[in-house]
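Encoded as structure tokens, the structure appears first; notes follow it.
Protein chains: 2
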Amino acid sequence: MTTSREQIIEKTCELLEIQGYHGTGLNQIVKESGSPKGSLYYYFPGGKEELAVEAIQQAGTMVLKRIRHNLSLVDDPAIAIREFIMNIAINVERSGYAKGGPITTIALETASSSEQLRAVCDQIYQDWQKAFSEKLQTVHLPERAASMSTLIIAAIEGGVILCRTSKSRNPLERIAEEIYFLVGS
Amino acid sequence: MTTSREQIIEKTCELLEIQGYHGTGLNQIVKESGSPKGSLYYYFPGGKEELAVEAIQQAGTMVLKRIRHNLSLVDDPAIAIREFIMNIAINVERSGYAKGGPITTIALETASSSEQLRAVCDQIYQDWQKAFSEKLQTVHLPERAASMSTLIIAAIEGGVILCRTSKSRNPLERIAEEIYFLVGS
DNA sequence: GTCTATACACTGATAGAC
DNA sequence: GTCTATCAGTGTATAGAC
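Chains as they are written, first to last, in my numbering: chain A, 326 to 510; chain B, 326 to 510.
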């Protein structure tokens with residue numbers, strides 16, 4: 326069972342990822358989600374900002390689950406993380422270089438203009454960082470695991486930008502290899 | 326001597342960096358730059374897109390010069406790059422976490438919607454990558470230098486996002502240290 | 001709960017006087 | 001070259017019928 330509310334959030338996640346916050350209009354969301362505009366403000370009285378907060382939260386949580394799941398498949402952190410990044414590269418390519426980094430654009434666009442959205446993005450990045458850090462602590466000291474995790478997340482976010490901009494999965498593939506060296510050494 | 330044209334470009338660079346492409350209106354650019362709207366379309370008949378292309382190009386070139394200059398100050402690539410990243414961290418903090426990554430947001434926002442802007446951002450990233458790569462080739466093989474450079478640029482772009490989102494210069498500082506280990510090993 | 005109609009500000013862009 | 005006035009379109013948000 327898919328409610329109107331869920332359809333709206335789902336479509337918002339997709340459009341925000343491709344077009345960003347200011348590039349995505351509410352009209353487009355209601356039109357493409359097939360839900361009526363009346364429902365949008367019924368479910369999200371706070372308007373666009375509230376809707377974006379929920380969408381970003383959902384997208385961030387889904388990615389967190391994927392990180393945890395993928396990293397649990399392989400014992401060696403270096404290999405597990407390399408494969409995870411390689412998967413992202415393939416997914417970015419599959420989307421025609423339109424998707425990848427579901428919260429990246431919003432984090433940048435709204436960091437200075439919406440305290441709410443900034444805080445949500447900040448929390449999500451912290452959650453991701455913790456997930457990588459826990460895995461890395463099986464072979465590294467906690468402090469080093471923490472800084473490695475920060476580098477990994479930054480490199481993935483930046484790598485997605487380079488892939489989308491160059492229309493090539495090559496940047497993330499190179500990054501995956503370099504991170505593999507760093508984590509394994 | 327500062328012409329209207331230069332004032333407009335200057336202000337556009339600043340606003341695009343803080344607010345992104347869709348978040349920045351032409352009225353705001355005209356108003357804050359002190360130039361008349363009539364001049365905008367006189368100098369940039371292609372409208373917003375043409376103006377953004379010139380602004381991005383100028384910002385990208387300035388960064389390229391800064392990369393080359395900073396990397397030339399120290400012989401050891403590992404130290405030079407670490408100091409460069411540390412400087413970025415300080416500058417992001419100084420701007421109140423509003424600036425940093427003059428082309429990042431535009432690259433993400435327009436990669437799928439404007440072929441012109443995508444191409445310009447792509448070229449700029451390639452120029453930056455080449456600058457790092459040349460420095461790294463003094464101690465690494467060409468292929469390795471290339472992939473390290475890609476990681477460095479991605480890590481900086483992503484690191485700026487993390488700093489702005491968390492309102493802390495800590496992420497870029499951690500990243501600087503990790504990159505130092507990687508390049509120096 | 002859902003839908004239509006609409007208010008009202010603002011967008012990018014243009015025309016024409018000066 | 002510069003400026004004002006203004007266009008058509010779209011943005012978010014709201015009101016009120018059903």
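Positions of the beta carbon are idealized from the N, C-alpha and C atoms, including for glycine.
Taking 7 angstroms as the limit between beta carbons, can you name the residues of its chain near residue i, skipping five residues before and five after?
i: L411 of chain A; result: Rather than Leu, the amino acid found at residue 411 of chain A in this sequence is Met. Around M411 of chain A: E498, A501.
i: C446 of chain A; result: I381, I428, I431, A432
i: S493 of chain A; result: none
i: R330 of chain B; result: Y368
i: A378 of chain B; result: A small correction: the amino acid at residue 378 of chain B is Val; Ala does not occupy that position in the sequence shown. Cβ neighbours of V378 of chain B beyond the five flanking positions: Q441, L442, V445.
i: H303 of chain B; result: Residue 303 of chain B lies beyond the range of chain B shown here (326 to 510); nothing can be said about it.
i: C338 of chain A; result: A380, Q383, A384, P427
i: T463 of chain B; result: P402
i: S397 of chain B; result: none
i: K460 of chain A; result: L396, P402, A405
i: K362 of chain B; result: V355
Find the residues of chain A that neighbour residue i, judging by a C-beta separation of less than 8 angstroms, and give them in chain order.
i: P496 of chain B; result: T475, A479
i: I343 of chain B; result: S437
i: E268 of chain B; result: With chain B represented from 326 up to 510, any question about residue 268 of chain B goes unanswered, as that position is not in the structure.
i: L507 of chain B; result: E503, F506, L507
So which residues of chain A does residue i contact, with C-beta pairs closer than 7 angstroms?
i: S510 of chain B; result: S510
i: E434 of chain B; result: G345, G348, T430
i: G484 of chain B; result: A479
i: L338 of chain B; result: With the sequence shown as reference, residue 338 of chain B is identified as Cys, and Leu is not the correct amino acid for it. Residues of chain A passing the Cβ test: none, with the nearest at roughly 16 angstroms.
i: R443 of chain B; result: T490
i: F447 of chain B; result: The amino acid at residue 447 of chain B is misidentified as Phe; the sequence shows Asp. Near D447 of chain B (Cβ distances below 7 angstroms), the residues of chain A are T490, S491.
Quick check on this structure: which residue in the options has the alpha carbon closest to the alpha carbon of residue i?
i: D452 of chain A; options: A:C338, A:I333, A:A471; result: A:A471
i: K336 of chain B; options: B:I354, B:T349, B:E503; result: B:I354
i: E374 of chain A; options: A:G350, A:N395, A:E459, A:K390; result: A:G350
i: Y422 of chain B; options: B:V399, B:G484, B:Y450; result: B:G484
i: A436 of chain B; options: B:E331, B:S329, B:G345, B:R330; result: B:G345
i: G372 of chain A; options: A:R469, A:H394, A:N352; result: A:N352
i: G348 of chain B; options: A:E434, A:E503, A:K362, A:R469; result: A:E434
i: L340 of chain B; options: A:S438, A:M387, A:K362, A:L340; result: A:S438
i: R469 of chain B; options: A:K362, A:N495, A:E503; result: A:E503
With a CB to CB cut of under 6 angstroms and the five nearest residues on each side skipped, what residues in its chain are close to residue i?
i: L507 of chain B; result: none
i: R407 of chain A; result: A501, Y505
i: T430 of chain B; result: G345
i: V399 of chain A; result: A405
i: A403 of chain A; result: Y505, V508, G509
i: E342 of chain A; result: K424, P427
i: N395 of chain A; result: F409
i: T386 of chain B; result: none
Starting from the C-beta of residue i, find all residues in its chain whose C-beta is less than 8 angstroms away, skip the five residues before and the five after it, and write them out in chain order.
i: M326 of chain A; result: Caution applies to M326 of chain A, whose pLDDT of 45 falls short of 50 and renders its modelled position unreliable; the value that the coordinates give is listed next. Closer than 8 angstroms at Cβ, skipping near neighbours: no residue.
i: I333 of chain B; result: I354, V355, S358, S360, S364, L365, Y368, F369, L376
i: I392 of chain A; result: F409, W453, A456, F457
i: P413 of chain A; result: A quick correction: the sequence has Ile, not Pro, at residue 413 of chain A. Contacts found: G425, I481, G484, V485, L497.
i: L389 of chain A; result: I449, D452, W453, A456
i: P467 of chain A; result: S458
Taking residue i as the query, report the chain B residues whose CB atoms sit under 9 angstroms from its CB, ordered along the chain.
i: L466 of chain A; result: What L466 of chain A touches in chain B: nothing, since even the nearest Cβ is about 13 angstroms away.
Mind listing the chain B neighbours of residue i? Cutoff is C-beta to C-beta under 8 angstroms, in chain order.
i: Y450 of chain A; result: L487, T490, S491
i: R499 of chain A; result: A471, S472, T475, L476
i: L461 of chain A; result: In chain order: nothing, as chain B lies at least about 12 angstroms away.
i: R407 of chain A; result: Simply none; closest approach about 13 angstroms.
Determine the chain B residues that contact residue i at a beta-carbon separation under 7 angstroms, and present them in chain order.
i: G359 of chain A; result: Result: empty, since nearest Cβ-Cβ is about 23 angstroms, beyond 7 angstroms.
Which chain A residues are close to residue i, counting only those with a beta carbon under 9 angstroms from its beta carbon?
i: A423 of chain B; result: A436, S437
- Message: Taking 8 angstroms as the cut-off, does the stretch 463–481 of chain B touch the stretch 474–494 of chain A (at least 3 CB pairs, one atom from each stretch)?
- Response: The stretch 474–494 of chain A and the stretch 463–481 of chain B touch, with no fewer than 3 CB-CB distances between them shorter than 8 angstroms.
- At a cut of 8 angstroms, does the stretch 489–496 of chain A reach the stretch 406–421 of chain A through at least three beta carbon pairs? Contact holds: three or more Cβ-Cβ distances are below 8 angstroms.
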